[in-house]
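Here is the structure we will look at.
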Amino acid sequence: MITFTKIRALDIAAAASPKRPLHLSAASGLVCVGSTIYVVADDELHLGVFSKGLSEPGRLVRLFEGVLPDKKAVRKRVKPDLEALTLVPPFENFPHGALLALGSGSRPNRGRGALVALDSDGTVLGSPRELDMFPVLGPLHEAFDELNIEGAVIIGDELRLFQRGKKGQANNAIISYSVWQALAGLQSSKSDPIKPTAITRLDLGYISGVPFCFTDATALANGDMVFCAVAEDTEDAYRDGPCIGAAIGIVSHDGQLLSMQQLDRPLKVEGISAQEHGDVLDLLLVTDPDDAEIPALLLSASIAR
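Converting from the sequence shown to our numbering requires adding 3 to each position, the first position being numbered 1.
In structure tokens:
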């Protein structure tokens with residue numbers, strides 16, 4: 004079992020609208036750049052920005068125009084459902100790299116993404132660029148009955164997306180693309196569909212009849228990938244269910260499951276970042292409590308490679 008430590012609640016200095024709470028409540032993707040922690044929440048139009056060493060409230064950076072409804076059911080129907088966040092290395096027009104935020108693709112309105120330029124110190128530079136994810140996500144509807152992208156990593160020249168399964172259909176998968184072809188296509192107004200170069204399906208096991216399914220991932224220096232997964236008791240990628248187990252695992256560069264350990268408490272962890280120290284991985288995790296009144300948490304844990 005993996006034990007974790009609570010670092011802080013993801014409280015913010017100002018909410019996106021007057022009736023929203025002063026915290027993120029549905030954290031779903033996590034990237035650390037230097038001393039800055041970036042978090043996407045699946046029920047916001049913004050990126051959360053927090054300092055790694057300070058407990059002061061974070062701030063929001065707008066990704067998409069507009070205002071989401073305050074009522075939960077209506078908000079759920081129209082939200083962009085940002086579920087994945089990854090760091091993009093320097094490339095054309097982004098000399099210091101960028102953050103790539105992706106919607107889950109689980110509904111037609113959940114196919115937006117955003118590209119956020121970074122400055123030399125890892126802070127946000129300029130206005131985000133909104134992306135239509137259809138060139139990448141469109142072909143995946145032929146491969147999966149119910150698409151639900153929950154994580155993204157970049158390893159060398161490959162972009163890898165993590166498809167989350169569900170109860171009754173545990174079709175977890177890692178989907179590979181040429182990262183430069185994908186980025187070019189996403190930024191083009193007339194891009195053809197981009198087919199993946201590979202789809203690797205994985206069985207993460209079960210707890211009490213409920214499958215563990217991907218919720219996020221991050222890349223290691225050797226090309227292996229660390230992921231978080233939860234066993235959520237629901238047969239619908241749209242509807243939430245009780246979380247009865249959570250786990251951290253490692254997948255090799257070529258898609259082999261190397262290890263997996265449960266967390267000692269079934270928190271719904273949906274974002275992960277890893278820092279390597281020899282044979283030890285120091286992890287940061289963020290949670291989604293599925294309740295707007297409960298703040299998401301930033302947790303820490305360590306595992307052996």
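The C-beta atom is built at its ideal place from N, Cα and C for all residues, glycine as well.
Cutting at 7 Å between CB atoms, please list the residues of its own chain near residue i, excluding the five before and the five after it.
{"i": "Gly141", "result": "Pro196"}
{"i": "Ala19", "result": "Glu47, Leu48, His49, Leu63"}
{"i": "Lys198", "result": "Pro142"}
{"i": "Gly274", "result": "Ala30, Ser31, Gly32, Leu33, Val42, Asp219, Leu288, Val289"}
{"i": "Gly69", "result": "Leu48"}
{"i": "Lys9", "result": "Leu300, Leu302"}
Can you pull the DSSP bridge partners for residue i?
{"i": "Glu235", "result": "Cys246"}
{"i": "Met228", "result": "Ala222, Val254"}
{"i": "Asn175", "result": "Leu205"}
{"i": "His49", "result": "Arg65"}
{"i": "Glu59", "result": "Beta-bridge pairing links Glu59 to no other residue."}
{"i": "Asp285", "result": "Gln278, Ser305"}
{"i": "Pro214", "result": "Tyr209"}
{"i": "Met263", "result": "Gly252"}
{"i": "Phe97", "result": "Phe94"}
{"i": "Leu27", "result": "DSSP, once it has assigned bridges, lists no residue as partnering Leu27."}
{"i": "Leu300", "result": "Ala12"}
{"i": "Lys169", "result": "Gln172"}
{"i": "Leu102", "result": "Leu90, Val119"}
{"i": "Ile5", "result": "Leu266"}
{"i": "Ser54", "result": "Thr39"}
{"i": "Thr290", "result": "Val272"}
Taking the alpha-carbon positions, what's the residue i to residue j distance?
{"i": "Gly188", "j": "Ser194", "result": "5 Å"}
{"i": "Asp45", "j": "Leu27", "result": "10 Å"}
{"i": "Asp257", "j": "Pro72", "result": "42 Å"}
{"i": "Ala12", "j": "Leu223", "result": "26 Å"}
{"i": "Leu205", "j": "Ala234", "result": "15 Å"}
{"i": "Lys169", "j": "Glu279", "result": "31 Å"}
{"i": "Asp314", "j": "Gly154", "result": "Here the chain comprises residues numbered 4 to 308, so residue 314 is not present and cannot be evaluated."}
{"i": "Ile177", "j": "Pro60", "result": "35 Å"}
{"i": "Phe96", "j": "Ser107", "result": "With the sequence shown as reference, residue 96 is identified as Asn, and Phe is not the correct amino acid for it. The alpha-carbon atoms of Asn96 and Ser107 are separated by roughly 26 Å."}
{"i": "Ala16", "j": "Leu25", "result": "7 Å"}
{"i": "Leu284", "j": "Ser305", "result": "5 Å"}
{"i": "Val156", "j": "Ser31", "result": "14 Å"}
{"i": "Ile297", "j": "Lys22", "result": "14 Å"}
{"i": "Ala101", "j": "Gln184", "result": "16 Å"}
{"i": "Gly262", "j": "Leu207", "result": "Note that residue 262 is Ser in the sequence shown, not Gly. Their Cα atoms are separated by approximately 10 Å."}
{"i": "Ser211", "j": "Ala249", "result": "13 Å"}
{"i": "Ala277", "j": "Leu287", "result": "6 Å"}
{"i": "Asp122", "j": "Tyr209", "result": "43 Å"}
{"i": "Val127", "j": "Ala120", "result": "6 Å"}
{"i": "Phe217", "j": "Glu86", "result": "11 Å"}
{"i": "Ala295", "j": "Ser303", "result": "22 Å"}
{"i": "Gly51", "j": "Val34", "result": "11 Å"}
{"i": "Gln259", "j": "Cys246", "result": "25 Å"}
{"i": "Ser54", "j": "Pro92", "result": "21 Å"}
{"i": "Arg163", "j": "Phe94", "result": "17 Å"}
{"i": "Leu301", "j": "Leu134", "result": "28 Å"}
{"i": "Pro214", "j": "Ala173", "result": "6 Å"}
{"i": "Ile253", "j": "Thr89", "result": "17 Å"}
{"i": "Lys271", "j": "Gln190", "result": "33 Å"}
{"i": "Ile251", "j": "Lys79", "result": "27 Å"}
{"i": "Gly226", "j": "Phe67", "result": "32 Å"}
{"i": "Leu186", "j": "Val139", "result": "9 Å"}
{"i": "Gly129", "j": "Leu118", "result": "11 Å"}
{"i": "Asn175", "j": "Arg132", "result": "29 Å"}
Between which two residues does the beta strand (DSSP E) holding residue i run?
{"i": "Phe165", "result": "161-166"}
{"i": "Phe330", "result": "Shown here, the chain extends from 4 to 308; a query on residue 330 therefore has no answer."}
{"i": "Arg11", "result": "8-12"}
{"i": "Val70", "result": "Per DSSP, Val70 belongs to no beta strand (DSSP E) and is neither H nor E."}
{"i": "Thr89", "result": "85-91"}
{"i": "Leu33", "result": "30-36"}
{"i": "Ala19", "result": "That residue, Ala19, is in no beta strand (DSSP E); it is neither H nor E in DSSP."}
{"i": "Glu153", "result": "152-158"}
{"i": "Ile40", "result": "39-44"}
Apart from the five residues just before and just after residue i, which ones in its own chain have a Cβ nearer than 8 Å to its Cβ?
{"i": "Met4", "result": "Gln264, Gln265, Leu266, Asp267"}
{"i": "Phe137", "result": "Gly114, Pro196"}
{"i": "Ala299", "result": "Ala12, Leu13, His26, Leu27, Ser28, Ala29, Ala30, Val42, Ala44, Val289, Thr290, Asp291, Pro292"}
{"i": "Glu161", "result": "Ser179, Tyr180, Ser181, Val182, Thr200"}
{"i": "Val81", "result": "Leu71, Pro72, Asn112"}
{"i": "Ala307", "result": "Asp282, Val283, Leu284"}
{"i": "Lys75", "result": "Ala295"}
Starting from residue i and walking both ways along the alpha helix (DSSP H), at which residues does that stretch end?
{"i": "Gly188", "result": "182-190"}
So, at 6 Å on beta carbons, what are the nonlocal neighbours of residue i in its own chain, with the 5 sequence-adjacent residues on each side left out?
{"i": "Ala220", "result": "Gly154, Val156, Phe165, Met228, Phe230"}
{"i": "Gly125", "result": "Val36, Gly37, Thr39"}
{"i": "Asp84", "result": "Asp45, Gly106, Ser107, Arg113"}
Next item on the list: Within the region 104-135, note down every full beta strand (DSSP E) run reaching 3 residues or more, in order along the chain.
Entry: Whole beta strand (DSSP E) segments, 3+ residues: 115-120, 132-135.
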